[in-house]
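Protein chains in written order, with the working numbering: chain A, 1 to 250; chain B, 1001 to 1244.
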Amino acid sequence: MIEVKDIFKKFGDNEVLKGITANFKPGVTSLIIGSSGSGKTTLMKNMVGLHEPNSGKVIYDERDFTSLDTKERIEIRKEIGMLFQGSALFDSMTVERNIRFPLDMFTDQGKGEKLDRVNDVLERVNLAGKNKLFPSELSGGMMKRVGIARAIAMRPKYLFCDEPNSGLDPKSSIMIDELVSEITKEYDITTVIVTHDMNSVMGIGEHILFLHQGEKWWEGSKDEITSTDNKELNEFVFATKLMETLLKKK
Amino acid sequence: MVFHYFGKYILLIQAVFRKPEKYIIYKNEIFREMVSIGLGSLGIISIISIFIGAVTTVQTAFQLTSDLIPKSIIGGITRDSTILELSPTICSLVLAGKVGSSIASQIGTMRVTEQIDALEIMGINAPGYLILPKILGGVIMIPMLVIVAIALSITGGYLAGTASGAISSAEFIQGLTTDFIPFTLFVAMVKALIFAFIITTVSAYQGYYTDGGAIEVGNSSTKAVVISCIAILISDYVIAQLLL
Ligand SMILES: Nc1ncnc2c1ncn2[C@@H]1O[C@H](COP(=O)(O)OP(=O)(O)O)[C@@H](O)[C@H]1O
Ligand SMILES: [Mg+2]
C-alpha cells in the first residue's frame, strides 16, 4: 500500500499541490484524474521522488520514502515500475535490451533466464518476437506496450503510469488500459494511473481521485462518478458530448 | 549566479563518480564511447593536423629570410609549436565542436524525452551511467588523438617543407632532432587530459540540465560548444603559466 500524507508542493510562488492525502491499495488500479494543470503529474512525480514535496509524506508499505537518502531510496525504486507519457524507451537499445536493462543492472540472472523473462513480458503485452526492433521502428501504441513490459520486467510492487493513453487511438487506448488493469490483479500490484481520459475512467476506474486546483476534490469509483453532485467533477466528466449522449441512452 | 551554476556542476560531477551498479555494463559503455570519440574523430583530426603542420612550416620558412639563421630551425619551430600549442589546443577546440555538441544533444534529448527520469525510477544513478563512460572515453582517447595529431602535423610540415623547396629533408630532420625537450610532450598531454575533461563534463552538464524540447536541446548543444571552447582557452593560458 502507498500512503500519501498531506503533500504540499510549490514551484516558486505557484502552489501546485495543497495538502493531498490518499491511500493506494495493492491489486487495485487507482486513477488520478483532473483537468490539465490541476497537478496530477506533479503529484505522481512527488510520489516517486522525481520531485521533492515541500511538506508531507509518501509511505511505501510502512517505509517513509520522503525521509530516506538516495541510497535507501534505490531499494524502493527497484520495486517501482513506471510508464512514461512518451514511453521513454532508450532509443539506442533494441526492445529486448530495453526490457532486459534493469535485469542486467540489478540481478545476477544468467543470459537464458533473462531472455525467458523478456519473452515472458513481451508475450504478456502481445509483442512476442519483436525483440530485435528499435524504438524508432515501433508505433506509439507498441512503444507504450514495450514501456509496460519494461516496467513489469522486474516484477514491481508498485506501478505508475502517466497518461498511458495520450496520443493513442481509442482501440489501442482500451487495450493498454485493460492490460494494465489485468496485470495489476494478476501480480497484486499497487497501480496508480494519471489520466484525463474519461474512457479510461469508465473502463477501469475502480478507485478514482479527482484533483482540482491542487486539492483532492473527490474520491470514489466509476459507479459513483456519474451520480455525484460535485459541480467541478460534473464539469470535468461531462466536458465531452460522448459522455452526455451515452448517459442519455442509459 | 556563476557560483550557482558552478556549484550545480560540481554536484553533478560528484554524482557521476558514485559507485557503479554493475562494472561490466559500465565497462562496455566506456569501450563504446572510446570507439565513438576516438575512431569517430580520427578522420577530422588527421586532416586538420596535416594542414596545420604544413602551414606552420611554410609560414615559418617565409618569415626566416636571414641567411644567418640555419634553415634546420624551421623543423624545430614546427615541432615545438605543434607539440606545445597547436595540436592540443586546436584539436580540442575542434573536438569541443564535434564531441561536445554530440554529448550535449544526446543527453539533452534523453532528458526531454524522460529517458533520464526512467533511469532514475529504475534506481540507476543516471549521471554515473550516462556521463562517466563519456568522461573516461574522452580522457583516454583525446590524449591519444593529440599524439596522432602531433605526429601527423610534423609529417605534414615535412612534406610541405620539402615539396615546396623551403627546406631540405636532411635539414628538417636535423631541426627536429636538435634540442628536443621531452617536457613539452608532457605539457601537451596535461593539456589534452584537462581539455578532454572540460569538453566531456561541460557538455554533459549542459545536456543533463536541458529543460523543454527540441529547441532547448539545440541551445544546450550550442552552449556546450561555446562554454567548452572558452574554458579550454582560459585553462590553456593557466597551464602555460603554471608549467612553463
Ligand atoms: N518543473 C516545474 N517547474 C515549475 N512549474 C511546474 C513544474 N511542473 C509543473 N509545474 C506547474 O504545476 C502545475 C501543474 O502541472 P502538472 O502537474 O503537470 O499538471 P497536470 O499533469 O495535471 O496537467 C502547472 O501550473 C505547471 O505549470
Ligand atoms: Mg500531466
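Built from N, CA and C at the ideal position, the CB exists for glycine as well.
| query | Going by beta carbon distance, what residues of the same chain come within less than 8 angstroms of V1190 of chain B, once the five residues before and after it are set aside? | reply | Locating residue 1190 of chain B in the second sequence gives position 190, counting from the first residue. Correct list, in chain order: I1239, L1243.
| query | Can you tell which of A:G86, A:K222, A:R77, A:I183 has the C-alpha that lies nearest to the C-alpha of N199 of chain A? | reply | Taking the first sequence and counting its residues from 1, one reaches residue 199 of chain A at position 199. Comparing Cα-Cα distances from N199 of chain A to each of A:G86, A:K222, A:R77, A:I183, the minimum goes to A:K222.
| message | Give me the subset of the segment 1103-1122 of chain B whose CB atoms are less than 7 angstroms from a CB atom of chain A, sorted by chain position. | response | T1113, E1114, Q1115, D1117, A1118, E1120, I1121, M1122
| said: Just checking: is the beta-carbon of K1022 of chain B within a distance shorter than 7 angstroms of some beta-carbon in chain A? | reply: The sequence position of residue 1022 of chain B within the second sequence is 22, counting from 1. For K1022 of chain B, the answer is yes, since a Cβ of chain A falls inside 7 angstroms of its Cβ.
| message | Can you list, in chain order, the residues of its chain with a C-beta nearer than 6 angstroms to that of V58 of chain A? Leave out the 5 residues immediately preceding and following it. | response | Translated into the one-based positions of the first sequence, residue 58 of chain A becomes position 58. Answer for V58 of chain A: V4, M47, F65, T66, listed in chain order.
| field | Enclosing beta strand (DSSP E) for N1125 of chain B [first to last residue] | value | Locating residue 1125 of chain B in the second sequence gives position 125, counting from the first residue. First-last for N1125 of chain B: undefined, no H or E at that position.
| request: Could you tell me which of B:R1111, B:G1123, B:G1165, B:G1138 sits nearest to V1217 of chain B, measuring between CA atoms? | output: Your numbering for residue 1217 of chain B matches position 217 in the second sequence. The residue with the shortest Cα to Cα distance from V1217 of chain B is B:R1111.
| Chain-ordered chain B contacts of M202 of chain A [CB-CB under 9 angstroms] | For the purposes of this step, residue 202 of chain A is identified with residue 202 of the first sequence, where counting begins at 1. Within 9 angstroms Cβ-Cβ: nothing; M202 of chain A doesn't reach chain B, min ~28 angstroms.
| said: By alpha-carbon positions, which one of A:H207, A:G203, A:H196 ends up nearest to E235 of chain A? | reply: Start at 1 with the first residue of the first sequence, and residue 235 of chain A comes out as number 235. Per the Cα distances, A:H196.
| field | Completely contained beta strand (DSSP E) runs for the segment 23-95 of chain A, where each covers 3 or more residues | value | 29-33, 55-60, 80-83
| Which of helix, strand or coil DSSP assigns to L209 of chain A | Here residue 209 of chain A is taken as the residue at index 209 of the first sequence, counted from 1. Strand.
| message | Could you check whether the Cβ of M142 of chain A sits closer than 7 angstroms to any Cβ belonging to chain B? | response | Taking the first residue of the first sequence as position 1, residue 142 of chain A is located at position 142. So no, M142 of chain A is outside the interface.
| So which of A:V16, A:S136, A:Q109 has the shortest CA-CA distance to L45 of chain A? | Working through the first sequence from its first residue, we reach residue 45 of chain A at position 45. Checking the sequence, you will find Lys at residue 45 of chain A rather than Leu. Closest by alpha carbon: A:V16.
| query | Which chain A residues are close to I1025 of chain B, counting only those with a beta carbon under 8 angstroms from its beta carbon? | reply | Stepping through the second sequence from its first residue, residue 1025 of chain B is reached at position 25. Those within 8 angstroms of I1025 of chain B in chain A are D104, M105.
| message | Contact defined as beta carbons within less than 8 angstroms: I believe I225 of chain A pairs with I208 of chain A. What is the distance between those atoms, to the nearest angstrom? | response | For the purposes of this step, residue 225 of chain A is identified with residue 225 of the first sequence, where counting begins at 1. For the purposes of this step, residue 208 of chain A is identified with residue 208 of the first sequence, where counting begins at 1. 6 angstroms between Cβ atoms; contact.
| said: By the 7 angstroms beta-carbon criterion, what residues does the segment 37-62 of chain A contribute toward chain B? | reply: V48, L50
| Ordered list of beta strand (DSSP E) runs contained in the segment 144-179 of chain A, each at least 3 residues | 158-162
| said: Strictly under 7 angstroms for the Cβ-Cβ distance: is K248 of chain A near chain B by that measure? | reply: Numbered from its first residue, the first sequence carries residue 248 of chain A at position 248. It does not; no Cβ of chain B falls within 7 angstroms.
| Contact under 7 angstroms by Cβ, R1032 of chain B with N1125 of chain B | The residue you call residue 1032 of chain B lines up with position 32 of the second sequence. The residue you call residue 1125 of chain B lines up with position 125 of the second sequence. No, the pair does not count as a contact, with Cβ atoms beyond the cut-off.
| request: Determine the contact status of I80 of chain A and P26 of chain A, defining contact as a CB-CB distance below 7 angstroms. | output: As a working mapping, residue 80 of chain A is identified with position 80 in the first sequence. As a working mapping, residue 26 of chain A is identified with position 26 in the first sequence. Taking 7 angstroms as the Cβ cut-off, I80 of chain A and P26 of chain A do not qualify as a contacting pair.
| query | Under a three-way DSSP split, which group does A230 of chain A fall into? | reply | Position 230 of the first sequence holds residue 230 of chain A. This sequence places Asn at residue 230 of chain A; Ala is not what is there. Coil, per DSSP.
| request: Please report the residue range of the beta strand (DSSP E) in which F11 of chain A lies. | output: If you number the first sequence from 1, residue 11 of chain A lands on position 11. Where F11 of chain A is concerned, the enclosing beta strand (DSSP E) stretches over 2-11.
| field | S136 of chain A beta carbon near ligand 1 (any heavy atom closer than 6 angstroms) | value | Translated into the one-based positions of the first sequence, residue 136 of chain A becomes position 136. S136 of chain A Cβ: outside cutoff for every heavy atom of ligand 1.
| query | On the three-state DSSP scale, how would you describe L17 of chain A? | reply | Here residue 17 of chain A corresponds to residue number 17 of the first sequence, with the count starting at 1. Note: L17 of chain A maps to strand in three-state DSSP.
| field | In DSSP terms, what G220 of chain A is bridged to | value | Taking the first sequence and counting its residues from 1, the one referred to as residue 220 of chain A is at position 220. Answer is A:I208, bridged to G220 of chain A.
| message | Within 8 angstroms, do at least three Cβ pairs link the segment 119-130 of chain A to the segment 1024-1040 of chain B? | response | no
| query | So what's E113 of chain A in DSSP terms, helix, strand or just coil? | reply | The residue labelled residue 113 of chain A in the question sits at position 113 within the first sequence. In the structure shown, E113 of chain A sits in a helix (DSSP, three-state: H, G or I).
| request: Return the chain-ordered list of same chain residues with a C-beta closer than 7 angstroms to the C-beta of S1081 of chain B, the five sequence neighbours on each side being excluded. | output: Locating residue 1081 of chain B in the second sequence gives position 81, counting from the first residue. So the qualifying residues of the chain are T1056.
| For V125 of chain A, which three-state DSSP category applies? | Here the question's residue 125 of chain A lines up with position 125 in the first sequence. In this structure, V125 of chain A counts as coil in the three-state DSSP scheme.
| message | Short of 8 angstroms Cβ to Cβ, which residues in the segment 86-98 of chain A face chain B? | response | G86, A88, L89, F90, D91
| Going along chain B, which residues have a C-beta under 8 angstroms from F65 of chain A? | The residue labelled residue 65 of chain A in the question sits at position 65 within the first sequence. What F65 of chain A touches in chain B: nothing, since even the nearest Cβ is about 13 angstroms away.
| query | Does F84 of chain A get closer than 7 angstroms to chain B when you measure Cβ to Cβ? | reply | The residue given as residue 84 of chain A occupies position 84 in the first sequence. Chain B contact via Cβ: present.
| query | By the criterion of Cβ-Cβ separation under 9 angstroms, what are the contact partners of K78 of chain A in chain D? | reply | In the displayed structure, chain D is absent; the protein chains listed are A and B.
| query | Relative to the alpha-carbon of A1118 of chain B, which residue among A:F101, A:L127, A:E123, A:K130 has its alpha-carbon at the smallest distance? | reply | Position 118 of the second sequence, counting from 1, holds the residue named residue 1118 of chain B. If we check each option's Cα against that of A1118 of chain B, A:F101 comes out closest.
| field | CA nearest to the CA of G129 of chain A, picked from A:S136, A:V146, A:E113 | value | Looking up residue 129 of chain A in the first sequence gives position 129. G129 of chain A has its Cα closest to that of A:V146, out of A:S136, A:V146, A:E113.
| Hey, how far is the Cα of G34 of chain A from the Cα of I2 of chain A? | For this step, residue 34 of chain A is matched to residue 34 along the first sequence. For this step, residue 2 of chain A is matched to residue 2 along the first sequence. Distance between the alpha carbons of G34 of chain A and I2 of chain A: 20 angstroms.
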